[in-house]
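At position 279 of the first sequence the residue is numbered 285 (the working numbering), and the sequence of numbers has no breaks. Yeah, the Cβ is synthetic: ideal placement off N, Cα and C, and Gly gets one too. The block underneath contains the structure these notes are about, expressed in structure tokens.
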Amino acid sequence: MHTIFDIMAVKHTKRTEDYSKWYNELVQRADLAEHSDVRGCMVIKPYGFAIWERMKEVLDDMFKETGHSNAYFPLFIPKSYLSKEASHVEGFAKECAVVTHYRLKNAEDGSGVVVDPKAKLEEELIVRPTSETIIWNSYRNWIQSYRDLPILINQWANVVRWEMRTRLFLRTAEFLWQEGHTAHATANEAIDETRQMLDVYAKFAEDFMAMPVVRGRKTASERFAGAEDTLCIESLMQDGKALQAGTSHFLGQNFAKAFDVKFADKEGKLEYVWATSWGVSTRLMGALIMCHSDDEGLVLPPRLAPIQVVAVPIYRSKEELSSISDRMLELKKLFKEKGISFKYDDDDNRRPGWKFSEYETKGVPVRLAMGPRDLANGKIEVVRRDTKEKKIVDFEGVSDYVDGLLKEMQEHLFQRALDFKNNSTIEVDDFEAFKKAIKGGGFVSAHWDGSSETEEKIKEMTQATIRCIPLDQIKENGKCVLSGKPSEGRVLFAKAY
RNA sequence: CGGGAUGUAGCUUAGUCCGGUUAAAGUGCGCGUCUGGGGGGCGCGAGAUCGGUGGUUCGAAUCCACUCAUCCCGACCA
């Protein structure tokens with residue numbers, strides 16, 4: 007339907023009108039990604055990929071600091087591998103893409119190419135939905151003695167899970183991620199690793215994404231297929247729905263047994279190896295968007311913004327442009343010294359107003375503007391994206407001012423999101439209040455009797471799932487919000503992405 | 001895989017109910033011009049075999065059948 011707004015100006019869906027529509031429009035408007043012609047797949051565009059690259063850089067450093075090395079394992083996994091670990095195959099079988107042939111040929115009727123039926127694979131290959139099986143198949147050959155342990159490996163890769171319903175970044179059939187796969191001599195060492203990597207994720211989310219998270223443990227029904235224990239970081243989006251932002255699994259000896267990976271300990275006794283795996287994906291992009299952005303567009307935390315500062319000149323004549331550009335190039339040097347990424351946009355094809363909107367949409371943290379009046383007065387305009395606050399400051403010293411502003415914004419975004427999360431977390435003690443709270447959105451902290459049956463019933467009745475049992479859960483005696491049976495502590499419920 | 005909806009220019013849509021010359025608009029794109037402190041104005045121009053196939057008809061974007069695709073709501077899921 008045409009409205010007067012469509013004709014008069016660019017009109018965008020607001021968060022309060024239709025949150026998921028707002029999200030979809032924003033992803034495209036900010037030039038992060040677009041739908042591909044392949045169902046469920048997306049094209050990550052340069053600006054979106056630049057943000058993902060920043061995430062990768064930071065995370066990769068953190069993995070290296072904790073002793074991990076990168077490696078690469080194949081995209082294709084022999085079908086038989088998947089079935090070696092019983093619960094693993096059960097978890098993933100329903101969403102695997104399968105390669106059955108290795109050749110095409112021209113159709114006899116000239117209609118194009120068809121699969122050559124003669125080129126059928128003897129053993130079909132699956133496209134990895136995750137790499138535990140193929141990696142543990144390799145580890146069998148890599149590990150003989152306790153001296154070979156631990157193995158601390160990470161890989162950056164794409165994986166495929168044939169999802170029924172997809173959404174840009176949040177759930178796509180193919181996505182990018184990293185998966186860490188470690189092998190240890192003892193259960194305790196593997197458990198410590200699981201926890202260590204969870205803390206790495208939490209630190210990344212809070213310090214870089216400015217996104218507060220709850221560290222917790224998944225219930226049996228939400229646990230990774232093949233894990234003994236799954237830890238997670240859970241975050242809350244602005245619409246009150248929870249989003250699992252990262253997981254770290256203690257795999258016990260499940261994969262070691264499935265792939266027969268044993269090592270000789272110091273006494274020469276053969277033992278199965280202990281394992282972990284942990285991952286975050288391009289889903290973090292979705293989390294980043296939904297955590298901070300507003301009705302005008304993306305809001306990026308300075309530490310992950312590909313462009314931290316953009317400057318726009320305002321001018322009539324070439325002479326004006328040239329003298330403004332001189333000052334901007336001075337600034338460019340100063341920002342470079344400080345390690346601040348800076349873009350001077352002197353593109354003459356776009357007008358200032360257009361550029362202002364563009365960079366707001368793309369979430370560039372700080373925008374500078376300088377016109378003839380500022381130039382004459384030795385001033386420059388500084389606008390911060392998070393609060394849209396506009397200030398005219400002295401040109402002299404503006405790089406220091408902006409440097410401080412970026413740090414303040416990083417902190418402010420986190421604090422704002424933390425306040426939101428805290429204000430959206432409600433404790434309830436009876437089921438009527440529980441239903442009401444779930445309807446209102448946010449985390450609902452309530453007692454649970456620990457049974458999967460109760461968990462399932464609550465899900466059926468309210469659509470809420472147990473997001474996690476917080477690691478900092480306080481021991482307190484209470485009664486399960488549904489069954490009334492005894493409980494020793496509260497767990498977090500929410501509707502989730 | 002169940003329920004609902006939609007396919008018309010790069011994008012967003014009007015036209016479809018009630019068939020009738022050359023399919024309309026906004027935006028975007030190109031050129032020119034006036035402009036330039038929050039997505040500019042004016043003028044000109046390019047751009048669509050109306051998702052596909054078949055049928056009804058003198059005549060189909062419009063009616064019928066089939067088909068493909070996408071989106072939304074469920075079940076499933078990082």
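Expressed to the nearest angstrom, what Euclidean distance is found between the alpha-carbon atoms of residue i and residue j?
i: S287; j: A226; result: 22 Å
i: R322; j: I398; result: 21 Å
i: E268; j: I132; result: For the record, residue 268 in the displayed sequence is Lys; it is not Glu. Going from the Cα of K268 to the Cα of I132 covers about 26 Å.
i: E417; j: H298; result: 12 Å
i: F348; j: K338; result: 7 Å
i: V497; j: T72; result: 30 Å
i: G274; j: Y152; result: 9 Å
i: P308; j: K209; result: 16 Å
i: R177; j: W168; result: 10 Å
i: G109; j: I197; result: Correcting the residue identity first, residue 109 is Arg in this sequence and not Gly. Each residue's alpha carbon lies about 45 Å from the other.
i: S493; j: V44; result: 48 Å
i: E23; j: I464; result: 28 Å
i: I295; j: L38; result: 10 Å
i: K485; j: K501; result: 22 Å
i: A317; j: M376; result: 8 Å
i: L242; j: R171; result: 21 Å
i: D235; j: K413; result: 37 Å
i: E31; j: P156; result: 46 Å
i: E180; j: N160; result: 19 Å
i: M14; j: D301; result: In this prediction, M14 scores a pLDDT of 35, lower than 50, which makes its location untrustworthy; the coordinate-derived value is nonetheless stated afterwards. Taking the straight line from one Cα to the other gives about 18 Å.
With DSSP as the reference, label residue i as helix, strand or coil.
i: V219; result: coil
i: T431; result: strand
i: R173; result: strand
i: Y503; result: coil
i: H107; result: strand
i: A99; result: helix
i: P358; result: helix
i: S75; result: strand
i: M48; result: strand
i: K349; result: strand
i: E343; result: helix
i: G369; result: coil
i: P123; result: coil
i: G410; result: helix
i: G274; result: coil
i: H298; result: helix
i: W454; result: coil
i: K20; result: coil
i: A113; result: coil
Between the Cα of residue i and those of the options, spot the shortest distance and give me the residue it belongs to.
i: V219; options: L381, C474, K481, E494; result: C474
i: W280; options: D301, T236, L294, G258; result: G258
i: I313; options: K111, S283, L374; result: L374
i: F82; options: T136, Q34, E63; result: T136
i: S451; options: A443, E63, S457; result: A443
i: L174; options: C47, G448, G359; result: C47
i: V372; options: F362, S331, P378; result: F362
i: I57; options: A423, D300, A293; result: A293
i: E185; options: F79, Y278, T172; result: F79
i: L340; options: Q150, T367, V404, A264; result: V404
i: K396; options: G384, L411, D406, A382; result: L411
i: E387; options: A251, L310, I320, K441; result: I320
i: Q244; options: A264, S283, C102, F449; result: F449
i: A92; options: E326, T139, K413; result: T139
i: A189; options: Y278, I239, R221; result: Y278
i: V487; options: F440, Y207, G447; result: F440
Along the alpha helix (DSSP H) that carries residue i, what are the first and last residues, could you check?
i: Q34; result: 25 to 35
i: S458; result: 458 to 468
i: E138; result: 138 to 148
i: L204; result: 193 to 209
i: F440; result: 437 to 446
Name the DSSP bridge partner or partners of residue i?
i: P492; result: K485
i: F82; result: V133
i: P476; result: G222
i: E387; result: A375, I398
i: F230; result: For F230, which the question treats as bridged, DSSP gives no partner whatsoever.
i: T471; result: A500
i: H41; result: M48
i: D235; result: F256
i: P319; result: M376
i: A423; result: Looking at the DSSP assignment, A423 forms no beta bridge with any residue, so it has no partner.
i: G403; result: G403 is not bridged to any residue.
From what residue to what residue does the beta strand (DSSP E) around residue i run?
i: I157; result: 157 to 166
i: M282; result: The residue you asked about is not Met; residue 282 is Thr in the sequence shown. First-last of the beta strand (DSSP E) with T282: 280 to 287.
i: A189; result: 180 to 190
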